[in-house]
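2 protein chains.
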Amino acid sequence: MAETPPSGESLLFLTDEQLRKGIEAMFFAYRGFTADPDRILETMDYGRAHHRAIHFIHRSPGTTVSNLLAILGVTKQSLNRVLRTLIEDGLVEARVGRRDKRERHLHLTPKGAELERELSDAQRARMRAAFRAAGPQAVSGFRTVLEAMMDPEQRKQYQGLKEAGP
Amino acid sequence: MAETPPSGESLLFLTDEQLRKGIEAMFFAYRGFTADPDRILETMDYGRAHHRAIHFIHRSPGTTVSNLLAILGVTKQSLNRVLRTLIEDGLVEARVGRRDKRERHLHLTPKGAELERELSDAQRARMRAAFRAAGPQAVSGFRTVLEAMMDPEQRKQYQGLKEAGP
DNA sequence: AATTTACGTCAGCCTTGTTGACTTTCCAAG
DNA sequence: CTTGGAAAGTCAACAAGGCTGACGTAAATT
Chain B
212 MAETPPSGES LLFLTDEQLR KGIEAMFFAY RGFTADPDRI LETMDYGRAH HRAIHFIHRS
272 PGTTVSNLLA ILGVTKQSLN RVLRTLIEDG LVEARVGRRD KRERHLHLTP KGAELERELS
332 DAQRARMRAA FRAAGPQAVS GFRTVLEAMM DPEQRKQYQG LKEAGP
Chain Y
212 MAETPPSGES LLFLTDEQLR KGIEAMFFAY RGFTADPDRI LETMDYGRAH HRAIHFIHRS
272 PGTTVSNLLA ILGVTKQSLN RVLRTLIEDG LVEARVGRRD KRERHLHLTP KGAELERELS
332 DAQRARMRAA FRAAGPQAVS GFRTVLEAMM DPEQRKQYQG LKEAGP
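What follows is the structure, encoded as structure tokens:
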């Protein structure tokens, strides 16, 4: 495909029209991105907020409530409502910290892990199809732009949440 | 089922881990994407729903309510609430259709256009910075992947809303 | 001992989405 | 001309999921 040369002249990809296309691409794609899990969730009593909590607990088992708060960027009251139902329904387990007993370390139960798999399977299937159709080079660009679009704090969360903290 | 075996060349960009990164990139980037307009909107009595309406009316002046409904993917009751306040506040004008007087053709007033500019300036600034940092090739990939991630209907809206319909 | 931190909870509010039922307007087909 | 149905608007009721503020408790820190 005819890529623009990296020389200084073609800054055409920065025109307002191109930017508007980018903005709308984000809007429409995000809808597609959430559509599949949403369909699954709406058959249960859960919503997108539950999905997010489950996703990040799965990603970082043993993470604390305040860690999750920082990642999700919501208030503790809002998160607590979600977390409470997940714990009541036996999808999430909150273990009191060994070293610091004020902390609650969050884990998915087998049942929670099962729902997580169901949700992320659906979401990954779409992402995989999109990735495959677009090819590795496009995927690389996709990730580069998205990362550049994040707030610095969010970028840090994105890059390095390998360990759940001390 | 198992992973598709790497057919010679690396399909490593389709691993579950890579897909998970893509999923989280979408999540965090979308937050950044909406952050700037949200900050502006919260000082007024408006929310993200108002922004979306204003954006698409600006994009397709004279669009009808049902057009907007299809683009935004919400119920007319939900859209109507937003639209009503925008009309009351003098940001949007609803002109009765000439050919079909049931239709309302939506236009931004000067005041509405001013808010649109303020909002999209903020959003474009971030998008521009991200595009510039990533480069044209990455931007191309970004758009390719996002497009592949949309639902077919959304993709159609994305590609061809040049004209406001018959 | 006093303060700070982590978490939970109650109460109340807002935005933005949903359904369902109903009316008005008006184009177009019979 | 009548009528069916599409387009638009409205009212009512409700839910999810954000928010703030206030308060309580246990545990760690100073």
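These protein sequences, in sequence, are chains B and Y. The first sequence begins at 212 in this note's numbering and counts up by one. The second sequence begins at 212 in this note's numbering and counts up by one. For glycine and all other residues, C-beta sits at the position ideal for the given N, C-alpha and C.
Range of the contiguous alpha helix (DSSP H) that encloses residue i
i, result
"Arg-315/B", "Not the alpha helix (DSSP H): Arg-315/B falls in the beta strand (DSSP E), residues 315 to 319."
"Arg-250/B", "227 to 252"
"Arg-306/Y", "Note, Arg-306/Y: premise wrong, no alpha helix (DSSP H); beta strand (DSSP E) at 303 to 307."
"Pro-272/B", "Counting along the chain, Pro-272/B falls outside any alpha helix (DSSP H), and DSSP gives it neither H nor E."
"Lys-367/Y", "363 to 370"
C-alpha distance - residue i paired with residue j, whole-angstrom precision
i, j, result
"Gly-258/Y", "Ser-277/B", "27 Å"
"Glu-214/B", "Ala-349/B", "In this predicted model, Glu-214/B has a pLDDT of only 48, less than 50, meaning its place in the structure is not dependable; the value taken from the coordinates is given anyway. Cα to Cα, the separation comes out at about 12 Å."
"Ala-333/B", "Gly-284/Y", "21 Å"
"Ala-264/Y", "Asn-291/Y", "10 Å"
"Ser-331/Y", "Met-338/Y", "10 Å"
"Thr-275/B", "Gln-288/B", "15 Å"
"Arg-295/Y", "Glu-314/B", "47 Å"
"His-316/Y", "Ala-246/Y", "30 Å"
"Arg-310/B", "Ala-281/B", "21 Å"
"Val-303/Y", "Gly-352/B", "37 Å"
"Pro-377/B", "Lys-312/B", "Low confidence applies to Pro-377/B: its pLDDT is 34, below 50, so where it sits in the model is not reliable enough to give any reading."
"Gly-301/Y", "Glu-253/Y", "18 Å"
"Phe-224/B", "Pro-347/Y", "6 Å"
"Tyr-241/B", "Arg-366/Y", "12 Å"
"Gly-371/B", "Glu-329/Y", "34 Å"
"Ile-251/Y", "Glu-299/B", "38 Å"
"Val-307/Y", "Gln-368/Y", "24 Å"
"Leu-222/B", "Leu-357/Y", "21 Å"
"Leu-279/B", "Ala-344/B", "33 Å"
"Ala-305/Y", "His-262/Y", "17 Å"
"Gln-229/B", "Gln-229/Y", "27 Å"
When the options are compared against residue i, the one with the closest alpha-carbon
i, options, result
"Pro-321/B", "Pro-272/B, Gly-243/B and Phe-238/B", "Pro-272/B"
"Leu-326/Y", "Lys-287/Y, Gln-288/Y and Asp-249/Y", "Asp-249/Y"
"His-269/B", "His-269/Y, Lys-287/Y, Gly-243/Y and Arg-231/Y", "Arg-231/Y"
"Thr-319/Y", "Arg-313/Y, Leu-290/Y, Ser-331/Y and Leu-297/Y", "According to the sequence as given, residue 319/Y is Leu; it is not Thr. For the residues Arg-313/Y, Leu-290/Y, Ser-331/Y and Leu-297/Y, the minimum Cα distance to Leu-319/Y belongs to Leu-297/Y."
"Val-293/B", "Asp-256/B, Lys-367/B and Tyr-369/B", "Asp-256/B"
"Phe-244/Y", "Phe-224/Y, Arg-335/Y and Arg-343/Y", "Arg-335/Y"
"Phe-342/B", "Gln-370/Y, Arg-354/Y and His-266/Y", "Arg-354/Y"
"Asp-195/B", "Ala-340/Y, Tyr-241/Y, Thr-226/Y and Arg-242/Y", "With chain B represented from 212 up to 377, any question about residue 195/B goes unanswered, as that position is not in the structure."
"Thr-286/Y", "Val-307/Y, Ala-345/Y and Ala-260/Y", "Ala-260/Y"
"His-266/Y", "Leu-357/Y, Leu-222/Y, Ala-344/Y and Gly-323/Y", "Gly-323/Y"
Limits of the unbroken beta strand (DSSP E) element including residue i
i, result
"Leu-350/B", "It is worth fixing the name first, because residue 350/B is Val in this sequence and not Leu. Unbroken run through Val-350/B is the alpha helix (DSSP H), 347 to 360; no beta strand (DSSP E)."
"Val-285/Y", "Taken as a continuous stretch (DSSP letters only), Val-285/Y belongs to no beta strand (DSSP E), as it is neither H nor E."
Q: Specify whether the stretch 350 to 364 of chain Y and the stretch 235 to 250 of chain B touch according to this definition: at least 3 beta carbon pairs, one from each stretch, less than 8 Å apart.
A: yes
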